[in-house]
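J.: Handing you this structure, nothing more for now.
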Amino acid sequence: MKRTWWKEAVIYQIYPRSFMDSNGDGIGDIKGITSRLDYLKYLGIDVIWLSPIYKSPNDDNGYDISDYQAIMDEFGTMEDFDEMLAEAHKRGLRVVMDLVVNHTSDEHKWFMESRKSKENEYRDYYIWREGKDAQTPPNNWGSCFSGSAWQYDEETAMYYLHLFSKKQPDLNWDNPKVRDEVFNMMTWWCDKGIDGFRMDVISMISKTEEMPDGKVTDFYGDYSPYCIHGPNIHKYLREMNERVLSKYDIMTVGETPGVTTELAKQYAGEDTNELNMVFQFEHVDNHGKYGKWDDKKWQLTKLKAILSRWQMDLYGKAWNSIFWDNHDQPRAVSRFGDDRPKYREASAKMLATCLHMMQGSPYIYQGEELGMTNYPFQSPDDFRDIESINAYKEWCLSGQVSHEDFWPCIIFRSRDNARTPVQWDESDHAGFTSGTPWIPVNPNYKEINAKAETKDPNSVFHYYKKLIALRKENPIMVYGKYEPLMEDSEELFVYTRTLDEQKLLVVTNFTDQDTAFTIPEEFTGASCLISNMENDYGKNNIIVKPYEAFVLIR
Ligand code: GLC
Ligand code: CA
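Numbering (the working numbering), first residue to last: 1465 to 2018.
Structure representation (structure tokens):
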């Protein structure tokens, strides 16, 4: 297996709007990020992934871009960006940009031109089709943010495709001019000195020419076979690799909804010349009766089966990105751990152990290193996120399901859980802003904040710091081969890693129950690399305490 810097890196995701506000307007910004680089350096991470900072009308918080080569007004200027990049590099931190090129904003120059007339030179930059008739869109595809994926446009009496909001029209990648524009823009950023791209919904850029109706599920048609892993996807990624990526020492990670381990070997194969790694979503897609809106926790055996399959199928063939949460997911500790005060810290450390000991590049989402929790939403007015707002309308306000039934589901899964401001200290608005934050701060900020945790050697923060440092000293954490143990246990997640003569045993308790465990003979007398509580690992039979985690090495 090739050894590379990005396989050894720990990546920290910043959602700029909620990270740190420098000027009191309540919105996080680039100067705010620069002011916290020392914090990130102290934590020990190697790479920052920045969610979009480009010019945007913010229909989807920056994932709707109106100019790829300009900075969002609220976030600052290009000079602020250049300064931030230089300051990051000075500290040895790399910066990976979000690349959102499945769609643009409807306020992008290309789209404003495209909609003007059928003859416009930008017409074919987007996907336009005649409706079945004036009231009926071309097919039954649904948007990921509710409603039809087609928007009728009066100017030319045709529909355009938007797999996300109607302010996010999909680009037509079959048009070679679109590819030229995108590749030139990427080259421009690479020449500026950035260190890579996280590619938004990149598995969706190629669509079938015919665009037939999808299978009807939920409210709208499931279009996935026609626009996820579409006919030319690998061709376009190889072209991108050849024309841009291969020319720079950068890392790439594709957000690839719908990806399987078989497909990942193509997208992120050691020798396929596409991407370095992909995000898969099987372990966060435990859908229930209202699709993604569900309040159930995973059955541990199922969660383990998914993660172990990814570990083993990709071994030696492709590289994993490993994560519990991001800006689209609820907080890890609330979802996979236990955010009751008694267990929050232990379970946050347990989850971190379980993830960071696996093979792949670990991603930490801002605030995860503090054990930040889901937000206690009181009413639908608390939502800021377009996906949550639209879903509430579509399921509840339509009368389809009752508020009582739906509410626990939507508050458990809302993306806004991840988007409340980072809790820096115990002062007003958690030190995030001196003004009024664009989204309320979680009221638990007096107990959970960076200032308190950086001072406390037993904090979740210091545990993450230690895990990150251990990765640097123990190549086995990066390159060791994974093997699951006790696959039938509903309490313990146990596995080993092996590299040459060395072996790690990772034991994590996902429950609030004492659980008996026998330390395998080959680990008697092994030393403890890290653990989140005290126990006697020298004994053969031990009781693993609620949310306990430990790693033995021999
Ligand atoms: C990705 C992003 C998400 C965004 C969507 C549309 O899934 O992570 O935040 O809403 O793409 O760009
Ligand atoms: Ca600001």
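In this text, a Cβ means the ideal position worked out from N, Cα and C, and glycines have one as well.
#1: Measuring only from the beta carbon, is Ile1786 closer than 7 Å to any heavy atom that is part of ligand 2?
#2: So what's Lys1596 in DSSP terms, helix, strand or just coil?
#3: How big is the Cα-Cα spacing for Ile1912 and Ile1512?
#4: Could you give the first and the last residue of the continuous beta strand (DSSP E) run that contains Lys1910?
#5: What residue range is occupied by the uninterrupted beta strand (DSSP E) comprising Met1622?
#6: Give me the Cβ distance between Ile2007 and Asp1976, rounded to the nearest whole Å; I'm assuming they're in contact under 8 Å.
#7: Please report the residue range of the beta strand (DSSP E) in which Thr1972 lies.
#8: Taking Cβ to Cβ, would you say Gly1824 is nearer than 8 Å to Ser1785?
#9: Quick check for students: name the residue ranges of the alpha helix (DSSP H) that lie wholly in the stretch 1684–1734, counting only runs of 4 or more.
#10: Would you list, in sequence order, the uninterrupted alpha helix (DSSP H) runs of no fewer than 4 residues that lie entirely inside the stretch 1758–1842?
#11: How many angstroms separate the CA atom of Lys1466 from the CA atom of Leu1993?
#12: What's the C-alpha gap between Cys1818 and Pro1948?
#13: Would you mind working out which of Gln1477, Ser1866, Glu1538 and Ser1482 sits nearest Leu1504, comparing C-alpha positions?
#14: Spatial neighbours of Arg1795 within its chain, please: CB distance less than 8 Å, with the 5 preceding and 5 following residues excluded, ordered by chain position.
#15: Candidates Glu2012, Lys2009, Leu2016 and Gly1722: which alpha carbon is nearest Pro1984's?
#16: For a quick check, are the C-beta atoms of Phe1974 and Leu1764 less than 8 Å apart?
#17: Between Pro1521, Pro1602, Met1950 and Glu1809, which lies nearest to Tyr1687 when the distance is taken from Cα to Cα?
#18: Using the rule of at least 16 other Cβ atoms within 10 Å of the residue's Cβ for burial, across every protein chain shown, is Trp1859 buried or exposed?
#19: With DSSP as the reference, identify every bridge partner of Ile2006, one or two as the case may be.
#20: What residues are listed by DSSP as bridge partners for Thr1960?
#21: What's the C-alpha gap between Arg1961 and Asp1570?
#22: In whole angstroms, what separates the C-alpha of Gly1660 from that of Met1484?
#23: Report the three-state DSSP secondary structure of Ile1874 (helix, strand or coil).
#24: Answer yes or no: the CB of Ser1898 versus the heavy atoms of ligand 2, is any distance below 7 Å?
#25: With distance defined between alpha-carbon atoms, name the residue in Gln1632, Asp1845 and Lys1519 nearest to Ser1607.
#26: Does the beta-carbon distance from Met1622 to Glu1594 come in below 8 Å?
#27: In the DSSP output, what is Asp1634 paired with across the bridge?
#28: Would you say the beta carbon of Asp1493 is closer than 7 Å to some non-hydrogen atom of ligand 2?
#29: Taking 7 Å as the line, does the beta carbon of Asn1487 fall inside it for any heavy atom of ligand 2?
#30: Which of the three DSSP states, helix, strand or coil, is assigned to Trp1513?
#31: Smallest Cα separation from Ala1769: which of Ser1995, Lys1857, Phe1957 and Met1675?
#32: When you compare only the Cα positions, how much space is there between Met1741 and Ala1782?
#33: Would Lys1679 be called buried (16 or more neighbouring beta carbons within 10 Å of its own) or exposed?
#34: Indicate whether Ser1811 and Gly1722 have their beta-carbon atoms separated by less than 8 Å.
#35: Short check: CB of Phe1647 to CB of Met1561, under 8 Å?
#36: Using only the heavy atoms of ligand 2, determine whether one of them is closer than 7 Å to the beta carbon of Glu1538.
T.: Considering the structure as presented:
#1: Ile1786: no, Cβ never under 7 Å from ligand 2.
#2: Coil, per DSSP.
#3: If you take the alpha carbons of Ile1912 and Ile1512, they lie about 23 Å apart.
#4: For Lys1910, there is no enclosing beta strand (DSSP E), as DSSP gives it neither H nor E.
#5: According to the DSSP assignment, Met1622 belongs to the beta strand (DSSP E) that extends over Met1622 to Leu1625.
#6: Taking a contact as a CB-CB distance under 8 Å, the pair Ile2007 and Asp1976 does not count as one, their CB atoms being some 13 Å apart.
#7: Its beta strand (DSSP E) spans residues Gln1966 to Asn1973.
#8: Contact annotation: Gly1824 and Ser1785 have beta-carbon atoms nearer than 8 Å.
#9: 1688–1691, 1697–1707 and 1725–1731, all fully within the stretch 1684–1734.
#10: Runs found: 1764–1778, 1796–1799 and 1808–1820.
#11: Counting only the Cα atoms, Leu1993 lies some 26 Å from Lys1466.
#12: Rounded to whole angstroms, Cys1818 to Pro1948 spans 12 Å at the Cα level.
#13: Nearest C-alpha to Leu1504: Gln1477.
#14: Only Asp1789, Asp1803, Gly1831, Glu1832, Met1836, Thr1837, Asn1838, Asn1881 and Ala1882 meet the Cβ criterion.
#15: The shortest Cα separation from Pro1984 among Glu2012, Lys2009, Leu2016 and Gly1722 belongs to Leu2016.
#16: Against a cut-off of 8 Å, the Cβ pair of Leu1764 and Phe1974 comes out as a contact.
#17: Comparing alpha carbon positions, the residue from Pro1521, Pro1602, Met1950 and Glu1809 closest to Tyr1687 is Pro1602.
#18: The residue is buried, with at least 16 neighbouring Cβ atoms inside 10 Å.
#19: Answer by DSSP bridge pairing, in chain order: Phe1981.
#20: Answer is Glu1947 and Leu1969, bridged to Thr1960.
#21: Each residue's Cα considered, the two are about 48 Å apart.
#22: Their Cα atoms are separated by approximately 23 Å.
#23: Assigned with DSSP and collapsed to three states, Ile1874 falls in helix.
#24: Incorrect: Ser1898 has no Cβ contact closer than 7 Å to ligand 2.
#25: It is Gln1632 whose Cα lies nearest to the Cα of Ser1607.
#26: Taking 8 Å as the cut-off, the beta carbon of Met1622 is found closer than this to the beta carbon of Glu1594.
#27: Paired residue(s): His1567.
#28: Yes, the beta carbon of Asp1493 sits closer than 7 Å to at least one heavy atom of ligand 2.
#29: Taken from the Cβ of Asn1487, at least one heavy atom of ligand 2 lies inside 7 Å.
#30: In this structure, Trp1513 counts as strand in the three-state DSSP scheme.
#31: Checked all of Ser1995, Lys1857, Phe1957 and Met1675; the closest Cα to Ala1769 is Phe1957.
#32: Distance between the alpha carbons of Met1741 and Ala1782 is about 7 Å.
#33: Result: exposed.
#34: Ser1811 places its beta carbon 8 Å or farther from that of Gly1722.
#35: Cβ distance not < 8 Å, so Phe1647 and Met1561 don't count as in contact.
#36: Result yes, Cβ under 7 Å from ligand 2.
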